[in-house]
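Visitor:
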Amino acid sequence: MQNPSSKSENSSPTLVSPAFQDYIRIQSKNDSRRMRLDPCSTHAEGKNPLCGDEVEIFFQISPSGIIENCTFTSQSCAIVNASAATLCETLPGLSIQASSSLIQTFLQTLSTPTDTTLPDTITPLLEIRHLPRRIRCAELPWTAARLALKKIPPG
Amino acid sequence: MDIEALRGDFPILHQQVQGKPLVYLDSAASSQKPRSVIDAIVHYYEHDHSNVHRGSHELGNRATDAYEQARSRVATFLNTAHPEEIIFTRGTTEGMNLIALSLGFGVLKAGDLIITTEMEHHANLVPWHMLAERIGIKIAYIPLIPETGLLDLSTLPGLLDRKPKVVSLTHISNTLGTINPIEKICAEARKAGALTIIDAAQSAGHRLLDVQKIGCDFLSFSGHKICGPTGIGVLYGKKELLDSLPPVFGGGEMISTVTLEGSTYKESPSRFEAGTPNIAGAVGLHAALDYLDAIGRENIRLYDEELASYAWQKLSELPGIRIIGPAAERAGLVTFTLPDMHAHDIGTLADQYGIALRAGHHCNQPLMKKLGLTSTARASFYFYNTRQEIDYLAESLVKIRKFFADPR
């Protein structure tokens, strides 16, 4: 029998590239935007029932339709948390329309790589495509954000 | 038991995953299959396959004999009086749904009360919820004591005073490892006039099950959790009850006569086995039961408890770990959380060490909510696991936590 032994294995587990490991580890602990926004302009939850991930995205939007602030709360895995933190860093300053378009492009790119250039803040997250079973974790905050923005009446 | 020799019977265990020897700690989700089970299925398809019960040729006879011999084997496995009390299903979930639906069609009515528990797998909750929606049955729950992982059985007399029609519960919790005193509960339920149903998914392959001793009216388990193939399971039911209940699935095999005006039905077990069954699955299950009984289910139970106790002790040494369920008298699984690490990450990173864990709610969402959790990691053992594998799990969890804590 091949006895399992940790003696011959001293290195950290290989998630994907070391850079991606670091990105997930650090970004998942980025709590700068991890808070409820109350009051907020809109918010929405995302849940992955199979793995127990729960995230909620909050937006504060100016009267002219510009995202002033974006925060999240989460009881989720590291990839959801890192993805949520990235989302909340990326969207402030964009209009609702631009944000919705960016969310759509990001979600499409996760499943089908495109030539569309995404903001530098998002690019590291794309390596999750090498872990197909975890793509839905990376998607969760973004689908919640999309849902929240859809609640805003047009105009 | 010679664990090394037993491990040698399982071809799948001897592989590398992510460059590491596979450490399979997910048998509560599905067990692995010994060569004898695989060979039995292959032999069946190479030599004996045909449809059952309706053929007039040699292969039809062989297939029918193999199928019915499997049924008789399950009967002896459960110590039932009659093989007709064994209905083949796709698994525990189908068995639970089958009995719930049949009771819903023929016995239960609006306002009737079902007693179950707060620790149930969804397979023993959702079918009753569906009946509540469709015909208006009521459901009450034996509560869980979160601190101990045990049912609060002091509530049972009061619940039984409400004259339930059915008491349906799990023998062993797939998340807590709690072993419920089903003989006692069935006896009390019987006195109160209730039918009893046992979810034996986690117990069937891990200890002796004697349905006459348990005293239940129905019992359901899955073949794939006890070294058998997927797609086959068993619903046991007392013959007089099964013959009085309406069938659920209609079609070939379960009818006596069919006219344009209507149909009449056979008695159990055919009554509940419409269409072509999973014949190869039954053959594989037969081989699995033979394999388990050659080891001895009491030997398996003792080894399960030894591993569970060792795992509890070993994992308890990890700072901050929360192990769910009773500390003693538990089945061979350990479900836990680690601080600042989601169970999903524990499972993913454990996989990088070759360790197969399960992470999530384990089809126990109400239980998770009762415990104040959304997701947990579970290591579940069977007789092909070793103490060294538990040591490796503990060592790997230390490394995984260190990886996440690294401030780099």
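As you go down the protein sequences, you meet chains V and C in turn.
Take this note's numbering: the last position of the first sequence gets the number 155, and nothing is skipped along the way.
Take this note's numbering: the last position of the second sequence gets the number 1408, and nothing is skipped along the way.
Cβ coordinates follow ideal geometry from the N, Cα and C atoms, glycine included.
Could you check what DSSP says for C/Gln1069 in three-state terms: helix, strand or coil?
Guide: Counting from 1 along the second sequence, the entry for residue 1069 of chain C is found at position 69. C/Gln1069 sits in a helix when the DSSP states are folded into three classes.
Visitor: I need the straight-line Cα distance from C/Gly1284 to C/Ala1200, nearest angstrom please.
Guide: Translated into the one-based positions of the second sequence, residue 1284 of chain C becomes position 284. Translated into the one-based positions of the second sequence, residue 1200 of chain C becomes position 200. One C-alpha to the other measures close to 19 Å.
Visitor: With DSSP collapsed to three states, give me the class of C/Ala1287.
Guide: In the second sequence, residue 1287 of chain C corresponds to position 287, counting from 1. Residue state, collapsed to three classes: helix.
Visitor: Out of C/Glu1120, C/Glu1240, C/Gln1069 and C/Thr1116, which one is the CA nearest neighbour of C/Ala1140?
Guide: By one-based count along the second sequence, residue 1140 of chain C stands at place 140. Taking C/Ala1140 as reference, the option from C/Glu1120, C/Glu1240, C/Gln1069 and C/Thr1116 with the minimal CA-CA separation is C/Thr1116.
Visitor: May I ask you to report which of helix, strand or coil DSSP gives C/Asn1364?
Guide: For the purposes of this step, residue 1364 of chain C is identified with residue 364 of the second sequence, where counting begins at 1. Three-state DSSP puts C/Asn1364 in coil, outside helix and strand.
Visitor: Show which residues of chain C have a CB atom less than 7 Å away from the CB atom of V/Asp31.
Guide: Your numbering for residue 31 of chain V matches position 31 in the first sequence. What V/Asp31 touches in chain C: nothing, since even the nearest Cβ is about 12 Å away.
Visitor: For C/Leu1195, count neighbouring C-beta atoms within 10 Å of its own C-beta (all shown protein chains included) and say buried if the count is 16 or more, exposed if not.
Guide: Residue mapping note: residue 1195 of chain C aligns to position 195 of the second sequence, counting from 1. By the neighbour-count rule (16 or more Cβ atoms within 10 Å), C/Leu1195 is buried.
Visitor: Please check the pair C/Asn1174 and C/His1129, which I expect to be a contact at CB under 8 Å, by giving their CB distance rounded to whole angstroms.
Guide: For this step, residue 1174 of chain C is matched to residue 174 along the second sequence. For this step, residue 1129 of chain C is matched to residue 129 along the second sequence. Between C/His1129 and C/Asn1174 the Cβ distance is about 19 Å, and since that is not below 8 Å, they are no contact.
Visitor: Can you tell me whether C/Gln1352 is buried or exposed? The criterion is at least 16 other CB atoms within 10 Å of its CB, across all chains shown.
Guide: Here residue 1352 of chain C refers to the residue found at position 352 of the second sequence. Around the beta-carbon of C/Gln1352, 16 or more other beta-carbon atoms lie within 10 Å, marking it buried.
Visitor: Any beta carbon of chain V sitting closer than 7 Å to that of C/Asp1210?
Guide: Sequence index remark: in the second sequence, residue 1210 of chain C carries index 210 (1-based). Not an interface residue.
Visitor: So that I know if they touch, is there some Cβ in chain V lying closer than 7 Å to that of C/Tyr1303?
Guide: If you number the second sequence from 1, residue 1303 of chain C lands on position 303. In terms of beta-carbon proximity, C/Tyr1303 stays away from the interface with chain V, with every pair separated by 7 Å or more.
Visitor: Would V/Gln75 count as contacting chain C if we go by Cβ distances under 7 Å?
Guide: As a first step, residue 75 of chain V must be located in the first sequence, where it is residue number 75. It does; some Cβ of chain C falls within 7 Å.
Visitor: Is the shortest distance between the beta-carbon of V/Leu50 and the beta-carbons of chain C less than 7 Å?
Guide: Residue mapping note: residue 50 of chain V aligns to position 50 of the first sequence, counting from 1. With 7 Å as the cut-off, V/Leu50 counts as an interface residue toward chain C.
Visitor: Apply the 10 Å Cβ neighbour rule to V/Asn10 and answer buried if 16 or more other Cβ atoms are within range, or exposed otherwise.
Guide: Numbered from 1 along the first sequence, position 10 holds the residue referred to as residue 10 of chain V. Any answer about V/Asn10 is weak, because its pLDDT of 39 lies below 50 and its placement is not dependable; what the coordinates show is given next. Exposed, because fewer than 16 other Cβ atoms sit within 10 Å of the Cβ of V/Asn10.
Visitor: At a CB distance below 9 Å, what residues from the stretch 110-143 of chain V approach chain C? Give them in sequence order.
Guide: Flagged, chain order: Leu131, Arg133, Arg134 and Cys137.
Visitor: Please check if any C-beta of chain V sits within less than 7 Å of the C-beta of C/Asp1345.
Guide: Taking the second sequence and counting its residues from 1, the one referred to as residue 1345 of chain C is at position 345. With 7 Å as the cut-off, C/Asp1345 counts as an interface residue toward chain V.
Visitor: Spell out whether any CB of chain C is found under 7 Å from the CB atom of V/Ala44.
Guide: Counting from 1 along the first sequence, the entry for residue 44 of chain V is found at position 44. Not closer than 7 Å to any Cβ of chain C, the Cβ of V/Ala44 fails to qualify, so no.
Visitor: For V/Ala85, would you say it is in contact with chain C, using Cβ-to-Cβ distances shorter than 7 Å as the test?
Guide: Residue numbering aside, residue 85 of chain V sits at position 85 when the first sequence is read from its first letter. For V/Ala85, no CB of chain C lies under 7 Å from its own CB, so it is not counted at the interface with that chain.
Visitor: Out of curiosity, what's the CA-to-CA distance linking C/Ile1135 and C/Asn1124?
Guide: Along the second sequence, read from residue 1 onward, the residue named residue 1135 of chain C stands at position 135. Along the second sequence, read from residue 1 onward, the residue named residue 1124 of chain C stands at position 124. Approximately 17 Å, taken between the alpha carbons.
Visitor: By the three-class DSSP mapping on this structure, what secondary structure does C/Phe1404 have?
Guide: Working through the second sequence from its first residue, we reach residue 1404 of chain C at position 404. Of the three classes helix, strand and coil, the one that applies to C/Phe1404 here is helix, per DSSP.
Visitor: Here's the rule: buried if 16 or more other CB atoms are within 10 angstroms of the residue's CB, otherwise exposed. What is C/Thr1178?
Guide: Stepping through the second sequence from its first residue, residue 1178 of chain C is reached at position 178. By the neighbour-count criterion, in which a residue is buried when 16 or more other Cβ atoms sit within 10 angstroms of its Cβ, C/Thr1178 is buried.
Visitor: Suppose only complete runs of 4+ residues qualify. What are the alpha helix (DSSP H) ranges in the stretch 1008-1058 of chain C, listed by chain order?
Guide: 1035-1043
Visitor: Going residue by residue through the stretch 1211-1288 of chain C, where are the continuous beta strand (DSSP E) segments of at least 3 residues, counting only ones entirely within it?
Guide: 1218-1222, 1233-1237, 1255-1259 and 1262-1265
Visitor: Within 10 angstroms of the Cβ of C/Val1023, are there 16 or more other Cβ atoms? Answer buried if so, exposed if not.
Guide: Reading the second sequence from its first residue, position 23 is the one you call residue 1023 of chain C. Under this definition C/Val1023 is a buried residue.
Visitor: Going along the chain, which residues of the stretch 1360-1378 of chain C sit with their C-beta nearer than 7 Å to a C-beta in chain V?
Guide: Gly1360, His1361, Thr1374 and Ser1375
Visitor: Which of the residues in the stretch 54-68 of chain V, read from start to end, lie with their CB under 9 Å from any CB of chain C?
Guide: Glu54
Visitor: Taking the alpha-carbon positions, what's the C/Phe1105 to C/Ile1099 distance?
Guide: In the second sequence, residue 1105 of chain C corresponds to position 105, counting from 1. In the second sequence, residue 1099 of chain C corresponds to position 99, counting from 1. Going by the C-alpha atoms only, they are around 10 Å apart.
Visitor: If I follow the unbroken alpha helix (DSSP H) through C/Cys1186, where does it start and stop?
Guide: Counting from 1 along the second sequence, the entry for residue 1186 of chain C is found at position 186. Residues Ile1182 to Lys1191.
Visitor: Cβ atoms of V/Gly52 and V/Ala144: under 7 Å apart, would you say?
Guide: For the purposes of this step, residue 144 of chain V is taken as residue 144 along the first sequence, with counting starting at 1. For the purposes of this step, residue 52 of chain V is taken as residue 52 along the first sequence, with counting starting at 1. No, these two residues do not count as a Cβ contact at 7 Å.
Visitor: Hey, how far is the Cα of V/Ile135 from the Cα of V/Glu127?
Guide: Here the question's residue 135 of chain V lines up with position 135 in the first sequence. Here the question's residue 127 of chain V lines up with position 127 in the first sequence. The straight-line gap from Cα to Cα measures roughly 10 Å.
Visitor: Against chain C, does V/Asn3 count as a neighbour if the rule is that its beta carbon must be under 7 Å from one of theirs?
Guide: Here residue 3 of chain V refers to the residue found at position 3 when the first sequence is read from its first residue. For V/Asn3, the predicted model reports a pLDDT of 46, less than 50, meaning its position is unreliable and no value from the coordinates is stated.
Visitor: Would you tell me roughly how many angstroms separate the C-alpha atoms of C/Ile1172 and C/Asn1180, rounded to the nearest one?
Guide: As a first step, residue 1172 of chain C must be located in the second sequence, where it is residue number 172. As a first step, residue 1180 of chain C must be located in the second sequence, where it is residue number 180. One C-alpha to the other measures close to 6 Å.
Visitor: With a 10 Å radius around its C-beta and 16 neighbouring C-beta atoms as the bar for buried, classify C/Arg1401 as buried or exposed.
Guide: On the second sequence, residue 1401 of chain C is found 401 positions in, with the first residue counted as 1. Result: buried.
Visitor: Could you name the residues of chain V that C/His1342 contacts, counting a contact when the two beta carbons are closer than 7 Å?
Guide: Residue 1342 of chain C sits at position 342 when you count from the first residue of the second sequence. The contacting residues are Ser76, Cys77 and Ala78.
Visitor: Please name the residue or residues paired with V/Thr42 in a DSSP beta bridge.
Guide: Sequence index remark: in the first sequence, residue 42 of chain V carries index 42 (1-based). Answer is V/Phe59, bridged to V/Thr42.
Visitor: Can you tell me whether V/Asp123 is buried or exposed, with buried defined as 16 or more other CB within 10 angstroms of its CB?
Guide: By 1-based counting over the first sequence, the position of residue 123 of chain V is 123. It is worth fixing the name first, because residue 123 of chain V is Thr in this sequence and not Asp. V/Thr123 comes out exposed.
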